[in-house]
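Numbering (the working numbering), first residue to last: 1158 to 1870. Glycine included, C-beta positions come from ideal geometry on N, C-alpha and C. Notes for the one structure printed next.
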């Protein structure tokens, strides 16, 4: 056995991790921060081990009014470690072992060079002679986020509510509201009470809340942000206090919250879902989100779309709304091409021969002859898209089969979610289990036909049902375990699709933003941010989107309507200019001056999009709240800051926007869009504030600030 070091230090120029190993071999993460921080001596050691593992028959016990950790995680002891490099990634693997059960654990930390983000996952192996029935396994446990009562008193919890058409609503609350001082100690008993938790359930990973959270110090600006990279609702995080230290624990599915259990037979292994923790020493949430943005770019599958950022027209929102026909599409195609769109996506309804009765009959994904008459059918439309210089796309909801679909009978029961031997039915639909070869073969045939034979270059993959806890298709399987198996099979299927069609662009959608996670977004090119149809209510979603997705992946609707005023047309176009433009609306019916505003916005977007693909976000007015009268989103590169500012009804005409990264710099302020705006910006380099007046509401403006170089004497 390798001799246990007292302190293990690992990291790079932007991040250092310390792991302390006690005399009994218990390993704990004692510090994460900038390199060169104070040594762990003289500071409290976190009570939590590197990994928390619970299994049937291996719980916890009480002694003298205190919780004693006799779980498997508390019994794991240090065995060895190794530090390696994987391209631009630094990797630390810490091996742990429990001699009593034979359970082995590899705690794997990864961090991209020069980015203060730690990625964590755990691999368990049963090296013993008896099965272990796992009930929970943490992906990352950090017990040293804030040290001492004063630091905890200054800490605020961050989390994001995420509902249909009201996505990405960040909340902030003092940590002391959930971990109060009970008497002369912050925690009277170390019994697991008082922590703040958020949990995802079902199939949608971000239904109700994003799989993210954070802890920020109000005084120092020290901030932690975390995300759980799982494409199902089986996730959980908790943040609380132990021995006057703030901790966070990040998990995938577990027994308490999801009914997940996993038998680990001798020789078998289990891998947790990956998670990430970003750190800012003093820059507040903005700097932590900037680090998380760089990290998200580092974990993505490479794809040309991430650099090109083509403009997409989609015929759904405030447009055809699921009722496409050849007659309706042809003039839209011409108008989209004239506006500068580079992709044209036919959204829901193209397969619907029942004129609206498609919900419970989908699954074969064949075009409806009644919608696309003539010898060429839908190919007349697809060819017209290509003739106008655009790439055609189609909407698809791959994981569902309607109860009236012929596929519901032709596919075996084992290809679907089942519980207690009964096929699950949710609102007239069944859900495919992508672990089954027949389910996967069916979807591969659909994609090969649409992409390989028809030449479709864009797929919008939607998902509009939540079939509950999961599937117990295999003997002895809990629904939570079945759901995790399907989630991982879905990722494998998507990898296979993009391996076969590396230039295919795939959009992630689930009733808007109900599956907004970096298990999917590490593979897919775009994320639908919302189904919100009100341009004023879309503004806070668009402003907040870069908290959850890189700017170049965040698809934001820009949907001018014939009845909109010019200010409203500019407002809806501005919503999308610092993300990915999802153009829609009845463009042929717009007034000429409004069409000109649309064309101007697309021209501006194409001029700046190269910068957007490398920029990081900031929020000069703080993280947007749903009812804020003023909203602001900045994207900044080393040389340029782009700033979208929205004024909604009820706001005063003037606001001040702090931009501390430009402190002391003389900056030129350009109004990029709309050029006819009556906006009046004024920059003060000493206070690092931009004063902006927008005379009307609702109105919005896109500005560019660039430091100026003094003239040579």
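Using only the alpha-carbon positions, how far apart do residue 1307 and residue 1776 sit? As a position in the chain shown, residue 1307 is number 150, starting the count at 1. As a position in the chain shown, residue 1776 is number 619, starting the count at 1. Note on geometry: alpha-carbon atoms of residue 1307 and residue 1776 lie some 27 Å from one another.
Note down, in chain order, each residue of its chain lying with its Cβ closer than 7 Å to the Cβ of residue 1488, except the 5 sequence neighbours on either side. Numbered from its first residue, the chain shown carries residue 1488 at position 331. Same-chain partners within the cutoff: 1745.
Starting from residue 1643, trace the alpha helix (DSSP H) in both directions and tell me its first and last residue. Position 486 of the chain shown, counted from the first residue, corresponds to residue 1643. 1636-1657 is the extent of the alpha helix (DSSP H) around residue 1643.
Can you give the Cα-Cα distance for residue 1683 and residue 1461, rounded to whole angstroms? One-based indexing of the chain shown puts residue 1683 at position 526. One-based indexing of the chain shown puts residue 1461 at position 304. Distance from the CA of residue 1683 to the CA of residue 1461, rounded to the nearest whole angstrom, comes to 12 Å.
Applying the 10 Å Cβ sphere with the 16-neighbour rule, what's the burial state of residue 1208? One-based indexing of the chain shown puts residue 1208 at position 51. By the neighbour-count rule (16 or more Cβ atoms within 10 Å), residue 1208 is buried.
Assuming residue 1374 is part of the beta strand (DSSP E), what are its boundary residues? Residue numbering aside, residue 1374 sits at position 217 when the chain shown is read from its first letter. Where residue 1374 is concerned, the enclosing beta strand (DSSP E) stretches over 1369-1374.
Under a Cβ-count criterion, where at least 16 other Cβ atoms within 10 Å of its own Cβ denotes burial, should residue 1344 be classed as buried or exposed? Within the chain shown, numbered from 1, the residue matching residue 1344 stands at position 187. A caution first: residue 1344 carries a pLDDT of 42, below 50, which makes its placement in the model too unreliable to give a value.
Can you tell me which of the three DSSP states residue 1488 falls into? Indexing the chain shown from 1 puts residue 1488 at position 331. When DSSP states are grouped into helix, strand and coil, residue 1488 belongs to the helix group.
Where does the unbroken beta strand (DSSP E) through residue 1864 begin, and where does it stop? Position 707 of the chain shown, counting from 1, holds the residue named residue 1864. Boundaries of the beta strand (DSSP E) harbouring residue 1864: 1856-1864, taken from the DSSP string.
Skipping 5 residues on each side, what residues in its chain have a beta carbon closer than 6 Å to that of residue 1650? Your numbering for residue 1650 matches position 493 in the chain shown. Its chain contains 1591 and 1597 as the residues whose beta carbon lies nearer than 6 Å to that of residue 1650, once the 5 sequence neighbours on both sides are disregarded; these appear in chain order.
Taking residue 1692 and residue 1725 to be in contact with their CB atoms under 8 Å, please state how far apart those CB atoms are, rounded to whole angstroms. Taking the first residue of the chain shown as position 1, residue 1692 is located at position 535. Taking the first residue of the chain shown as position 1, residue 1725 is located at position 568. About 6 Å separates the two Cβ atoms, so the contact holds.
Own chain partners of residue 1637 with C-beta closer than 7 Å, once the 5 adjacent residues on each side are dropped: Position 480 of the chain shown holds residue 1637. Once the five neighbours on either side are set aside, the close Cβ partners of residue 1637 are 1391, 1410, 1415, 1416, 1417, 1626 and 1627.
Look up residue 1171 in the DSSP assignment and say whether it is helix, strand or coil. Residue 1171 sits at position 14 when you count from the first residue of the chain shown. Looking at residue 1171 - three-state DSSP - the assignment turns out to be coil, as it is neither helix nor strand.
Close beta carbons around residue 1695, own chain, < 6 Å, minus the five adjacent residues each side: By one-based count along the chain shown, residue 1695 stands at place 538. Hits under 6 Å: 1689 and 1732.
DSSP three-state call for residue 1733: helix, strand or coil? Indexing the chain shown from 1 puts residue 1733 at position 576. Looking at residue 1733 - three-state DSSP - the assignment turns out to be helix.
Ordered along the chain, which non-local residues of its own chain (more than five positions away) have a Cβ less than 6 Å from that of residue 1593? On the chain shown, position 436 is the one that residue 1593 refers to. Closer than 6 Å at the Cβ level, and outside the excluded window around residue 1593, lie 1571 and 1572.
Helix, strand or coil for residue 1328, going by three-state DSSP, please let me know. To locate residue 1328, count along the chain shown from 1; it is residue 171. Here residue 1328 sits in strand by DSSP.
Taking buried to mean at least 16 other C-beta atoms within 10 Å of its own C-beta, is residue 1709 buried or exposed? What you label residue 1709 is simply residue 552 of the chain shown in a count that begins at 1. Answer is buried; the Cβ neighbour count reaches 16.
Over the uninterrupted beta strand (DSSP E) stretch that includes residue 1211, give me the two end residues. The residue labelled residue 1211 in the question sits at position 54 within the chain shown. Residue 1211 -> beta strand (DSSP E) spans 1210-1212.
In or out: residue 1783 buried (at least 16 other Cβ within 10 Å) or exposed? What you label residue 1783 is simply residue 626 of the chain shown in a count that begins at 1. Taking all protein chains shown into account, residue 1783 has fewer than 16 neighbouring C-beta atoms within 10 Å of its C-beta and is therefore exposed.
Between which two residues does the alpha helix (DSSP H) harbouring residue 1270 extend? Indexing the chain shown from 1 puts residue 1270 at position 113. Here residue 1270 belongs to no alpha helix (DSSP H), and DSSP marks it neither H nor E.
Alpha carbon of residue 1480 to alpha carbon of residue 1505, nearest angstrom: In the chain shown, counting from the first residue as 1, residue 1480 sits at position 323. In the chain shown, counting from the first residue as 1, residue 1505 sits at position 348. Approximately 7 Å, taken between the alpha carbons.
Complete beta strand (DSSP E) runs within the stretch 1471-1559 (minimum length 3 residues, chain order): Counting whole runs of 3 or more residues, the stretch 1471-1559 contains the beta strand (DSSP E) stretches 1500-1503, 1548-1553 and 1557-1559.
When the distance is taken between beta carbons, is residue 1546 closer than 8 Å to residue 1756? As a working note, residue 1756 is residue 599 in the chain shown. As a working note, residue 1546 is residue 389 in the chain shown. No, they are not a contact pair.
Drop a sphere of 10 angstroms on the beta-carbon of residue 1443, count the other beta-carbons inside from all chains shown, and report buried for 16 or more, exposed for fewer. Within the chain shown, the letter at position 286 stands for residue 1443. Sixteen is the threshold: when 16 or more other Cβ atoms of the shown chains lie within 10 Å of the Cβ of residue 1443, as they do, the residue is buried.
Nearest to residue 1503 (by Cα), restricted to the options 1520, 1519, 1518 and 1485: As a working mapping, residue 1503 is identified with position 346 in the chain shown. By alpha-carbon distance to residue 1503, the top candidate from 1520, 1519, 1518 and 1485 is 1485.
Answer yes or no: do residue 1559 and residue 1601 have a C-beta to C-beta separation smaller than 8 Å? On the chain shown, residue 1559 is found 402 positions in, with the first residue counted as 1. On the chain shown, residue 1601 is found 444 positions in, with the first residue counted as 1. At the C-beta level, residue 1559 and residue 1601 stay beyond 8 Å of one another.
When the distance is taken between beta carbons, is residue 1824 closer than 8 Å to residue 1794? The residue given as residue 1794 occupies position 637 in the chain shown. The residue given as residue 1824 occupies position 667 in the chain shown. No, these two residues do not count as a Cβ contact at 8 Å.
What does the Cβ neighbour count give for residue 1856, buried or exposed, with the cut at 16 atoms within 10 Å? As a working mapping, residue 1856 is identified with position 699 in the chain shown. Buried, since its Cβ has 16 or more Cβ neighbours within 10 Å.
Please go through the same chain and pick out, in chain order, the residues whose beta-carbon is closer than 6 Å to the beta-carbon of residue 1529, but skip the five residues on each side of it. Counted from its first residue, the chain shown places residue 1529 at position 372. Answer for residue 1529: 1483 and 1535, listed in chain order.
Would residue 1360 be called buried (16 or more neighbouring beta carbons within 10 Å of its own) or exposed? In the chain shown, residue 1360 corresponds to position 203, counting from 1. Buried is the call here.
Which two residues bound the contiguous alpha helix (DSSP H) that contains residue 1441? Along the chain shown, read from residue 1 onward, the residue named residue 1441 stands at position 284. Per DSSP, residue 1441 belongs to the alpha helix (DSSP H) from 1441-1456.
By the 10 Å Cβ neighbour count, where 16 or more other Cβ atoms means buried, how is residue 1254 classified, buried or exposed? Reading the chain shown from its first residue, position 97 is the one you call residue 1254. Around the beta carbon of residue 1254, a 10 Å sphere encloses 16 or more other beta carbons of the protein chains shown; the residue is thus reported as buried.
Simplified DSSP state of residue 1759, which is helix, strand or coil: Counting from one through the chain shown, the residue named residue 1759 turns up at place 602. Per DSSP, reduced to three states, the secondary structure at residue 1759 is helical.
In terms of residues, what are the limits of the beta strand (DSSP E) holding residue 1701? Residue mapping note: residue 1701 aligns to position 544 of the chain shown, counting from 1. For residue 1701, no beta strand (DSSP E) run applies; the uninterrupted alpha helix (DSSP H) run containing it begins and ends at 1692-1701, by DSSP.
Given residue 1473, which residues of its chain have a CB within under 7 Å of its CB, disregarding the five upstream and five downstream residues? Position 316 of the chain shown holds residue 1473. The residues are 1479, 1504, 1505 and 1741.
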